[in-house]
Amino acid sequence: MDFSWTDEQRDFRSQVRSFIDEHWRGGASEAESRYERVQAYQKRLAEHGWLTMAWPPAYGGRGATHFEQLIFAEESAHASAPTGGQGADRVGPTLIIHGTEEQKQEHLPKIANAEVNWCQGYSEPGSGSDLASLQTRAVRDGDDFVINGQKIWTSGAQNADWIHVLTRTDPDAPKHRGISYFMLRMDTPGISLRPIVQLHDAAGFNETFFEDVRVPAKNMIGEENRGWYVSTTTLDFERSGIHRIAAANPPYQRLLRHAQQPDSAGEGRRVVDNPVHRLSLGDTATEVAIGELLGYRVTWMQSRGLVPNMESSMSKMFGSETQQRLARRGVNMLGLAGQLRPGNERAPLGGEFASYYMSSVSLTIAAGTSEIQRNIIATRGLGLPRG
Ligand SMILES: Cc1cc2nc3c(=O)[nH]c(=O)nc-3n(C[C@H](O)[C@H](O)[C@H](O)COP(=O)(O)OP(=O)(O)OC[C@H]3O[C@@H](n4cnc5c(N)ncnc54)[C@H](O)[C@@H]3O)c2cc1C
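All residue numbers for the sequence shown refer to this note's numbering, where the first residue is 23 and numbers rise by one.
#1: When DSSP builds the beta bridges, which residues end up paired with isoleucine 185?
#2: According to DSSP, is aspartate 194 helix, strand or coil?
#3: Could you tell me which whole beta strand (DSSP E) segments of length 3 or greater appear in the stretch 326–400?
#4: Should glutamate 374 be listed as close to ligand 1, given that the test is whether its C-beta is under 8 Å from any heavy atom?
#5: Note down, one range per segment and in chain order, each beta strand (DSSP E) of at least 3 residues found wholly within the stretch 53–141.
#6: Spatial neighbours of threonine 122 within its chain, please: C-beta separation below 8 Å, excluding the five flanking residues on both sides.
#7: Which whole runs of the beta strand (DSSP E) in the stretch 213–246 are 3 residues long or more, in chain order?
#8: With aspartate 234 and asparagine 181 assumed to form a contact (beta carbons below 8 Å), what rounded beta-carbon distance in angstroms separates them?
#9: Tell me where the alpha helix (DSSP H) around arginine 261 begins and ends.
#10: How would you call proline 115, buried or exposed, if buried means at least 16 neighbouring beta carbons within 10 angstroms?
#11: Cα separation between threonine 321 and glycine 164?
#12: Do the CB positions of valine 298 and alanine 281 come within less than 9 Å of each other?
#13: Would you kindly report the start and end of the unbroken alpha helix (DSSP H) that includes glutamine 31?
#14: The alpha helix (DSSP H) spanning arginine 276 covers which residue range?
#15: Given valine 219, which residues of its chain have a CB within under 8 Å of its CB, disregarding the five upstream and five downstream residues?
#16: On a CA-only basis, which of Asn247, Asp33, Ala86 and His100 is nearest serine 423? Give me that one, please.
#17: Are the beta-carbon atoms of histidine 186 and phenylalanine 204 separated by less than 9 Å?
#18: Just to confirm the assignment, what range does the beta strand (DSSP E) spanning isoleucine 169 have?
#19: Measuring CA to CA, which of Gly313, Arg292 and Gly373 is closest to glycine 360?
#20: Can you tell me whether glutamate 309 is helix, strand or coil according to DSSP?
#21: Alpha carbon to alpha carbon, how far is valine 252 from leucine 303?
#22: Taking DSSP as the reference, what is the three-state secondary structure of serine 149?
#23: Need the endpoints of the alpha helix (DSSP H) that alanine 160 sits in, please.
#24: Following a CB-centred definition, is glutamine 346 positioned closer than 8 Å to any heavy atom of ligand 1?
#25: For isoleucine 410, does the three-state DSSP call read helix, strand or coil?
#26: Taking C-alpha atoms, which residue in Gly341, Tyr378 and Gly365 lies nearest to glycine 352?
#27: Rounding to the nearest angstrom, what Cα-Cα distance links arginine 216 and histidine 120 in this structure?
#28: Below 9 Å between beta carbons: does that hold for glutamine 275 and methionine 336?
#29: For the alpha helix (DSSP H) holding arginine 266, just list the boundary residues, first then last.
#30: Do leucine 188 and isoleucine 174 come within 9 Å of each other at the CB atom, strictly closer than that value?
#31: Return yes when the C-beta of tyrosine 144 is under 8 Å from any heavy atom of ligand 1, and no when it is not.
#32: Just to confirm, does isoleucine 218 get its C-beta within under 8 Å of one of the non-hydrogen atoms of ligand 1?
#33: Taking arginine 261 as the reference, give the member of Ser177, Arg279, Pro79 and Lys338 with the closest Cα.
#34: Go ahead and label proline 147 buried or exposed: buried means 16 or more other beta carbons lie within 10 angstroms of its beta carbon, across all protein chains shown.
#35: Taking the C-alpha atoms as reference points, what is the distance between glutamine 346 and methionine 242?
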């Protein structure tokens with residue numbers, strides 16, 4: 023077992039850092055919204071061949087190794103810089119495995135060139151964890167299918183050009199065997215959105231409604247009624263990845279630095295003078311290190327042609343829960359002022375931890391809840407009984 027990086031991997035990491043410094047940290051313009059900034063940066067990534075670096079060259083990738091992709095994702099998360107988005111990270115890889123040649127030729131170059139945004143129409147008001155119970159109907163009509171139903175929690179639908187959607191095509195079959203998977207343009211007549219405004223006033227989620235929406239049958243990914251098995255590939259891509267645990271590192275490092283500085287309002291005391299907080303920081307250091315190793319194991323398996331399943335769930339669950347524990351510990355360490363939000367001049371660390379505490383709640387829900395990940399580990403991983 024060798025835990026060290028090769029010289030080439032170290033070189034690649036410094037190239038990624040320089041790129042991020044120049045184009046993400048240094049490339050911001052005051053006039054741009056976050057969305058515009060992400061779009062512009064993704065264009066730069068595409069020009070550099072890094073948006074879809076691990077794809078085969080025939081489809082717009084560089085055939086990069088799994089570990090190069092991991093290094094890129096890790097450095098991006100350390101800098102809070104965006105990577106590929108849904109097209110590059112989920113839809114494209116799914117099409118490479120399950121798409122027809124025509125679908126690949128149509129969609130992959132546009133994704134690789136950062137020309138299109140995708141959103142994901144899986145969850146419904148009555149089907150989240152039990153996704154296979156979904157009710158949105160697609161009925162064959164000539165060369166088309168006609169879709170009626172509703173999706174919910176569709177992240178980024180307001181800016182998306184395309185949506186990948188799970189529908190029920192055979193209501194009489196057992197629930198996993200009557201599902202088909204489609205790609206639709208968001209401007210198709212009959213699709214409408216209603217934004218879901220969150221507690222902090224942002225509206226990144228949507229309800230998505232389908233009323234007699236026609237989609238050509240050629241836009242189906244995989245076979246009719248076998249869409250569930252294609253969607254598990256998409257979910258595996260969504261759940262695996264080093265970014266969740268890597269995203270814990272920057273707030274952890276900032277908290278660690280802050281905790282060692284004398285507090286001017288507190289007679290020079292430091293957070294680390296409190297033994298409880300000291301131990302908490304030790305716990306977080308350990309958890310971040312374990313989380314990294316779980317993420318590296320997923321990548322190592324992929325690099326050997328193995329298919330991580332329980333291992334992706336472990337990494338996803340542990341990464342999300344480590345972030346939540348860090349956010350909770352940070353708010354506790356920073357005392358009452360730790361609850362102050364960004365914009366308040368008395369907020370320690372610019373109010374970062376108050377925001378982090380709230381936003382981290384969703385981490386153990388998105389991409390499958392922690393309970394669902396534990397179920398996968400217990401049943402598919404350990405072979406324990408279902409139900
Ligand atoms: C930030 C974020 C972004 C999202 N983006 C999208 C998106 O773009 N597209 C999309 O389609 N969806 C999206 N979702 C939805 C997400 O996939 C669902 O919220 C998630 O699958 C849980 O479903 P639910 O909310 O219906 O909760 P439910 O399934 O109703 O679960 C409620 C609670 O019951 C528990 N539970 C349910 N079943 C079991 C079981 N068998 N064993 C033990 N416990 C169980 C759950 O763990 C949870 O605690 C997003 C969610 C979040 C938070």
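Glycine residues also receive a C-beta, built at the ideal position from the N, C-alpha and C atoms.
By the coordinates alone:
#1: The count along the sequence shown starts at 1 and reaches residue 185 at position 163. Partner(s): Cys141 and Leu206.
#2: The residue given as residue 194 occupies position 172 in the sequence shown. Of the three classes helix, strand and coil, the one that applies to aspartate 194 here is coil, per DSSP.
#3: none
#4: Here residue 374 corresponds to residue number 352 of the sequence shown, with the count starting at 1. Not so, every heavy atom of ligand 1 lies at least 8 Å from the Cβ.
#5: none
#6: The count along the sequence shown starts at 1 and reaches residue 122 at position 100. So the qualifying residues of the chain are Lys240.
#7: 213–218 and 227–238
#8: Taking the sequence shown and counting its residues from 1, one reaches residue 234 at position 212. Taking the sequence shown and counting its residues from 1, one reaches residue 181 at position 159. About 25 Å separates the two Cβ atoms, so there is no contact after all.
#9: Reading the sequence shown from its first residue, position 239 is the one you call residue 261. First-last of the alpha helix (DSSP H) with arginine 261: 249–261.
#10: Numbered from 1 along the sequence shown, position 93 holds the residue referred to as residue 115. Label assigned to proline 115: buried.
#11: One-based indexing of the sequence shown puts residue 321 at position 299. One-based indexing of the sequence shown puts residue 164 at position 142. If you take the alpha carbons of threonine 321 and glycine 164, they lie about 43 Å apart.
#12: On the sequence shown, residue 298 is found 276 positions in, with the first residue counted as 1. On the sequence shown, residue 281 is found 259 positions in, with the first residue counted as 1. No, Cβ-Cβ distance for valine 298 and alanine 281 is not below 9 Å.
#13: Residue mapping note: residue 31 aligns to position 9 of the sequence shown, counting from 1. Its alpha helix (DSSP H) spans residues 29–42.
#14: Here residue 276 corresponds to residue number 254 of the sequence shown, with the count starting at 1. Arginine 276 -> alpha helix (DSSP H) spans 271–281.
#15: Locating residue 219 in the sequence shown gives position 197, counting from the first residue. Answer for valine 219: Ala225, listed in chain order.
#16: Outside the shown range of the chain, which is 23 to 409, sits residue 423, and nothing can be said about it.
#17: Locating residue 186 in the sequence shown gives position 164, where the first residue counts as 1. Locating residue 204 in the sequence shown gives position 182, where the first residue counts as 1. Yes, they are a contact pair.
#18: The residue you call residue 169 lines up with position 147 of the sequence shown. Segment 166–173, the beta strand (DSSP E) holding isoleucine 169.
#19: As a first step, residue 360 is located in the sequence shown; it is residue number 338 there, counting from the start. Ranking Gly313, Arg292 and Gly373 by Cα distance to glycine 360 puts Gly373 first.
#20: To locate residue 309, count along the sequence shown from 1; it is residue 287. Three-state DSSP puts glutamate 309 in a helix.
#21: In the sequence shown, counting from the first residue as 1, residue 252 sits at position 230. In the sequence shown, counting from the first residue as 1, residue 303 sits at position 281. When rounded, the distance between both Cα atoms is 41 Å.
#22: Counting from one through the sequence shown, the residue named residue 149 turns up at place 127. Here serine 149 sits in strand by DSSP.
#23: As a working mapping, residue 160 is identified with position 138 in the sequence shown. First-last for alanine 160: 159–163, but that is the beta strand (DSSP E), not the alpha helix (DSSP H).
#24: Position 324 of the sequence shown, counted from the start, is the residue given in the question as residue 346. Outside the cutoff, so no.
#25: Nothing in the structure corresponds to residue 410, since the chain is present only between 23 and 409.
#26: One-based indexing of the sequence shown puts residue 352 at position 330. Selected option, being the one with the closest Cα: Tyr378.
#27: Stepping through the sequence shown from its first residue, residue 216 is reached at position 194. Stepping through the sequence shown from its first residue, residue 120 is reached at position 98. Computed Cα separation, rounded: 31 Å.
#28: By one-based count along the sequence shown, residue 275 stands at place 253. By one-based count along the sequence shown, residue 336 stands at place 314. No, these two residues do not count as a Cβ contact at 9 Å.
#29: In the sequence shown, the residue the question calls residue 266 occupies position 244. Residues 265–268.
#30: Locating residue 174 in the sequence shown gives position 152, counting from the first residue. Locating residue 188 in the sequence shown gives position 166, counting from the first residue. The answer is no: Cβ separation not under 9 Å.
#31: Translated into the one-based positions of the sequence shown, residue 144 becomes position 122. Correct: tyrosine 144 has its Cβ closer than 8 Å to ligand 1.
#32: Walking along the sequence shown from the start, residue 218 turns up at place 196. The answer is no for isoleucine 218.
#33: Position 239 of the sequence shown holds residue 261. The candidate whose alpha carbon is nearest that of arginine 261 is Lys338.
#34: The residue labelled residue 147 in the question sits at position 125 within the sequence shown. Exposed, since its Cβ has fewer than 16 Cβ neighbours within 10 Å.
#35: Looking up residue 346 in the sequence shown gives position 324. Looking up residue 242 in the sequence shown gives position 220. If you take the alpha carbons of glutamine 346 and methionine 242, they lie about 38 Å apart.
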